[in-house]
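First comes the structure, then the notes that go with it.
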Amino acid sequence: MHELAATQQILEIAINKARENQVSRIRRINLVIGDLSSFVDDSIQFSFDILTQNTMAEKALLSIQRIPVELLCKNCKRPFTPHTQPWRCPQCQSIEFDIIKGTEFYLDSIEVDE
Amino acid sequence: MKINILQDIMSANDRIAAKNQQLLEENQVIAINIMSSPGAGKTTLLLETLRRLKSKFKMAVIEADIASTVDAERIIEEGVPATQINTGGECHIDANMLSQALSQVNLKGLDLLFIENVGNLVCPAEFRLGVTKSIMLLSVPEGHDKPYKYPLMFTTTDAILVSKMDYLPLSDFDMPLFKQVVSGMNPKARIIPISAKTGQGMPDWIDWLESLLEKKYK
C-alpha cells in the first residue's frame, strides 16, 4: 500500500537525474529491491504506469532486479541464503546471524535517449 | 545511454527523519515509535504506561490511524496531550507526516513523546522517522512464528514487547523458541513479556523507559 509514495520518489529521482544530464526521454528505469523489503513489484508497476503518464518517462520500461536474502552466520562466519524456517545455518545449524543482503531498495540507473 | 544513479529510494524520507531527530534532540525529548499489528494492544499499553508515569514526567502522544480520533480521545481522557494524525489510507506514518505532527506538539519541557504508529507489521518498518527508539508489540495470540514473516520489523526495533501474556497458558506460543529466534535475528533488542491487564512485566517496561530518561538527565 505504500508503493505509490515510493514510486513517486523513484520517478522524482529519475527525472531530476535526466534533467541534470539534459536528456528529454527516459527509456528504462533499473530498480533494485531486496526480498526482505515489503515492496511489491506489481504494485510499483501499477503506480509507475499511472504516474509516468505525460512525463518524460511515459512508456519507459521498469526493470526490477530482486536481491535474495543473504545471512552471515555469526558462529561459523559462512554466508548463506535461508530456504527453511526457522532460519538456520546449513553448516553449523546456528540461528544467530547478521543480515547482509535483502533489505535493498534503490534506483540503480536509468537509460535515456542521447 | 545509461546513467548510473545508485540512490536509495527512501533518501528523501531519511532526510526529513534526520531533521525530526535534530528537533527532538534540541528539545531533549525522548521519542518512542510504537508499532504492532492492529489489536496487539498498543493503546492499552500506552494508557497503562501514562498512568504509571504521568506524575513523574511530562509526556505527550501522537496517534496515527488511517481514520478516526478514538485513540487520541482516550489519551486525552487520561490527562495527557494527544495529537491525532489521520494518514488518509496510508498504512504507516512517514517522516514527513511526523514532521507535520511535531509542529503541533509543544516540545518545550517535554520528557517523553510516544508515537503510536498505524497497526501494521509491514510498512511502518520501512520508514525511518528520526525517533529515539522504535519498539514493537507482538501479542501472544498472534503466534511465535511472526519474526520470519515480518523480518524487517523484528530486526529494526530496539525493544520487542510480547503483549497479552495473560493468554499464554491458553496458547501454543513457544516463548523460549521465540526468544532464541529473535535474539538470533536482532541481538540488541530487549524482549519484554508484558500484560497491561494483569500488570505482568510492566515494571520491566517502565524501567526500560526510565533508563532512556536517565541518560537524558546525565
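For the protein sequence lines, the chains are Z and D, in the order given.
Under this note's numbering, the first residue of the first sequence is numbered 110, with each subsequent residue one higher.
Under this note's numbering, the first residue of the second sequence is numbered -10, with each subsequent residue one higher.
From the three backbone atoms N, C-alpha and C, an ideal C-beta is built for every residue, glycine too.
Sequence-distant Cβ neighbours of Asn16(D) in its own chain, meaning closer than 8 angstroms and more than five residues away, are Leu96, Lys97 and Leu99. Within a 10 Å sphere around the beta-carbon of Gln93(D) sit fewer than 16 other beta-carbons, which makes this residue exposed. The alpha-carbon of Gln202(Z) is positioned some 14 angstroms away from that of Met174(D). Secondary-structure assignment with DSSP links Phe214(Z) through a beta bridge to Ile142(Z).
The Cβ-Cβ distance between Ile64(D) and Ala56(D) does not fall below 7 angstroms. For Asp150(Z), the enclosing alpha helix (DSSP H) starts and ends at Asp150 to Leu160. Straight through space, the alpha carbons of Asp54(D) and Arg137(Z) are spaced by roughly 37 angstroms. Proximity of Met(-10)(D) to chain Z, defined by a Cβ-Cβ separation below 7 angstroms, is satisfied. In the structure shown, Cys112(D) adopts helical secondary structure according to DSSP, grouped into three states. Those residues of the segment 169 to 183 of chain D placed with their C-beta closer than 8 angstroms to a C-beta in chain Z are Gln169, Val170, Ser172, Gly173, Met174 and Pro176, ordered along the chain. Using a Cβ-Cβ cut-off of 7 angstroms, Leu145(Z) counts as an interface residue toward chain D, since at least one Cβ of chain D sits closer than that to its own. For the segment 27 to 56 of chain D, no residue has a beta-carbon sitting nearer than 7 angstroms to a beta-carbon of chain Z. The criterion of a C-beta distance shorter than 7 angstroms is satisfied by Val170(D) and Pro136(D). About 11 angstroms separates the CB atoms of Lys31(D) and Leu127(D); that is not less than 8 angstroms, and the two are not in contact.
Below the 7 angstroms Cβ cutoff, chain D contributes Ile(-8) and Ile(-6) as neighbours of Lys126(Z), in chain order.
Straight-line spacing of the CA atoms in Thr58(D) and Gln73(D) works out to 6 angstroms. Within chain D, the residues Leu141 have their CB atoms less than 8 angstroms from the CB of Thr212(Z), given in chain order.
Under the DSSP assignment, Ala61(D) falls in the alpha helix (DSSP H) whose first and last residues are Val59 to Glu66.
Contact with chain D is absent for Asn184(Z), since none of that chain's Cβ atoms lies less than 7 angstroms from the residue's Cβ.
Residue-level contact check: Ala1(D) touches chain Z, since one or more beta carbons of chain Z fall below 7 angstroms from its beta carbon.
Under the three-state reduction of DSSP output, Ala71(D) falls in the strand class. Spanning the alpha carbons of Ala169(Z) and Val50(D) requires a straight line of approximately 44 angstroms. For the options Asn75(D), Glu67(D) and Lys153(D), the alpha carbon positioned closest to that of Glu52(D) is the one of Asn75(D). Taken atom to atom, the span from the alpha-carbon of Leu180(Z) to that of Asn(-7)(D) is near 27 angstroms. Assignment of Val50(D) by DSSP, reduced to helix, strand and coil, places it in the strand class. Contact with chain D is absent for Gln131(Z), since none of that chain's Cβ atoms lies less than 7 angstroms from the residue's Cβ. Under the criterion of beta carbons closer than 8 angstroms, Ile153(Z) and Glu213(Z) do not qualify as touching, at roughly 14 angstroms. A Cβ-Cβ separation of about 4 angstroms places Ala6(D) in contact with Arg117(D) under the 8 angstroms criterion. Between Ile122(Z) and Gln(-4)(D), the C-beta spacing is below 7 angstroms.
Check the Cα spacing between Ser152(D) and each of His133(D), Ile82(D) and Leu12(D): the tightest is with His133(D). With a cutoff of 7 angstroms on beta-carbon distance, Asp217(Z) and Asn139(Z) are scored as near each other.
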